[in-house]
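As structure tokens, the structure follows; a few thoughts come after it.
Residue numbers (the working numbering), protein chains in the order written: chain B, 143 to 330; chain H, 143 to 330.
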């Protein structure tokens, strides 16, 4: 049976200055097919540990909670090193979670940064490891929770209508950049 | 010759509480055809007089300034009674400006509110009057500066793919609501 992902939310964080401390805005863009249905906003702590809880709360408190079939993340961490627990988010919401990135991440560099520079880095590195291998999926790379490679490929093909990135992530990126900088930047 | 409006920006303001004083966020959503190209953000004063200048500045400072062919506004005033000078904005940017609303506004009520309750209301009422008559245009109502009724109808028909409102205004509304309230509301 082919699973269809009609209602999809894509999350991205706003850009911030190197020296910034504290909260960073997070935007969720909800699509039903090709149509933008809504925009959610929240905040996660820079280099913090609350990303999983905040994203789950944003979805649960929205009017879309009963409709959403898939969560897309632009990278496994928000606001620097606030790493998302993919399996935990999948369990909390009961729907698949898919990390989508343009380039294969350099995990050795991430591991070293986490272990050497980030408070709670060992726990965060375990979250990255537990999110499973990074897999090629069409023109992008993914990590998955609660969704098969075939379903992930199908969902991304249907959602990526005007770039390599699925529209919910592209829009979340444009909105997050636009509210933080006054103008969105080019590429998600 | 048929004019084509490939790059279009739609502006909407964020919702605010009755008692709110000061600035109100304004969002601009830039489309190229059916594709969201960028998001701009700015601020205008509640019941103030800076909307025309702020909108012109947001467009001029954006990387889209050379491409934009049409400005859409959701109503002639932002942030309460911060009335836009349609002809002035058209002159400042050199591109057409089109106000689009779902319902025919009650101008007698607006005139009274401006003249009786709003500082500088006489000048603001003149701006509303000078924006010209409200005309039916397909399923919505418009006021125009620098664009013929036929071109306005053609532009709105091309841009209104998933509701009576053109996508740039629908998206600006969803973003403005989402950042102000944490969640966008249903209808623009």
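All C-beta atoms, glycine included, are put in the ideal place defined by N, C-alpha and C.
All values reported here derive from a predicted model rather than from experimental measurement.
Tell me whether the beta-carbon of residue i lies closer than 9 Å to the beta-carbon of residue j.
i                      : j                      : result
residue 317 of chain B : residue 320 of chain H : yes
residue 256 of chain B : residue 212 of chain B : no
residue 168 of chain B : residue 159 of chain B : no
residue 237 of chain B : residue 210 of chain B : yes
residue 284 of chain B : residue 243 of chain B : yes
residue 214 of chain H : residue 291 of chain H : no
residue 287 of chain H : residue 198 of chain H : no
residue 302 of chain B : residue 280 of chain B : yes
residue 289 of chain H : residue 247 of chain H : no
residue 149 of chain B : residue 188 of chain B : no
residue 201 of chain H : residue 192 of chain H : no
residue 235 of chain B : residue 178 of chain H : no
Rounded to whole angstroms, what is the Cα-Cα separation between residue i and residue j?
i                      : j                      : result
residue 190 of chain H : residue 262 of chain H : 9 Å
residue 233 of chain B : residue 172 of chain H : 37 Å
residue 314 of chain B : residue 274 of chain H : 37 Å
residue 176 of chain H : residue 151 of chain H : 12 Å
residue 277 of chain B : residue 224 of chain B : 22 Å
residue 206 of chain H : residue 258 of chain B : 42 Å
residue 254 of chain B : residue 222 of chain B : 14 Å
residue 297 of chain H : residue 308 of chain H : 9 Å
residue 231 of chain B : residue 195 of chain B : 8 Å
residue 268 of chain B : residue 322 of chain B : 31 Å
residue 330 of chain B : residue 312 of chain B : Low local confidence applies: a pLDDT of 46 at residue 330 of chain B is under 50, so the model's placement there is unreliable, with the coordinate-based value given in what follows. If you take the alpha carbons of residue 330 of chain B and residue 312 of chain B, they lie about 6 Å apart.
residue 216 of chain B : residue 203 of chain H : 28 Å
residue 266 of chain H : residue 250 of chain H : 14 Å
residue 299 of chain H : residue 170 of chain H : 20 Å
residue 294 of chain B : residue 164 of chain H : 46 Å
residue 305 of chain B : residue 245 of chain H : 36 Å
residue 227 of chain B : residue 271 of chain H : 57 Å
residue 166 of chain B : residue 326 of chain B : 16 Å
residue 264 of chain B : residue 156 of chain H : 41 Å
residue 260 of chain H : residue 252 of chain H : 10 Å
residue 147 of chain H : residue 282 of chain H : 18 Å
residue 174 of chain H : residue 208 of chain H : 13 Å
Let's see if you can read the secondary structure: which residues bound the beta strand (DSSP E) around residue i?
i                      : result
residue 323 of chain H : No beta strand (DSSP E) contains residue 323 of chain H, which is instead part of the alpha helix (DSSP H) from 309-323.
residue 180 of chain H : 177-187
residue 154 of chain H : 149-155
residue 159 of chain H : Note, residue 159 of chain H: premise wrong, no beta strand (DSSP E); not H, not E.
residue 168 of chain B : 165-174
Please list, in chain order, the chain C residues whose beta carbon lies closer than 7 Å to that of residue i.
i                      : result
residue 230 of chain B : Absence of chain C from the displayed structure is noted, the protein chains being B and H.
Whole alpha helix (DSSP H) elements within the stretch 251-295 of chain B, 4-residue minimum = Under the rule that a run must span 4 or more residues, the alpha helix (DSSP H) segments found entirely inside the stretch 251-295 of chain B read 263-272.
Members of the stretch 159-192 of chain H near chain B, C-beta cut-off 7 Å | Listed by position, the residues of the stretch 159-192 of chain H near chain B (Cβ gap below 7 Å) are 177, 178, 180, 181, 182, 183 and 184.
If you scan the stretch 197-256 of chain H from start to end, which runs of the alpha helix (DSSP H) of 4 or more residues do you find wholly inside it?
-> Those alpha helix (DSSP H) runs which fall completely within the stretch 197-256 of chain H and span 4+ residues are 228-235.
When Cβ atoms are compared, which residues of the stretch 309-321 of chain H fall closer than 9 Å to chain B?
-> Answer in chain order: 309, 312, 313, 316, 317, 318, 319, 320 and 321.
Got a sec: which bits of the stretch 192-223 of chain H sit with their beta carbon under 9 Å from any beta carbon on chain B, in order along the chain?
-> Taking 9 Å as the upper bound on Cβ-Cβ separation, chain B lies near residues 200, 203, 204, 205 and 206 of the stretch 192-223 of chain H.
Can you list, in chain order, the residues of the stretch 279-307 of chain H whose Cβ is nearer than 7 Å to any Cβ on chain B?
-> Residues passing the 7 Å Cβ filter: 304.
Give the residues from the stretch 246-259 of chain H that approach chain B closer than 8 Å (Cβ to any Cβ), ordered along the chain.
-> So the list is empty, because no residue satisfies the distance condition.
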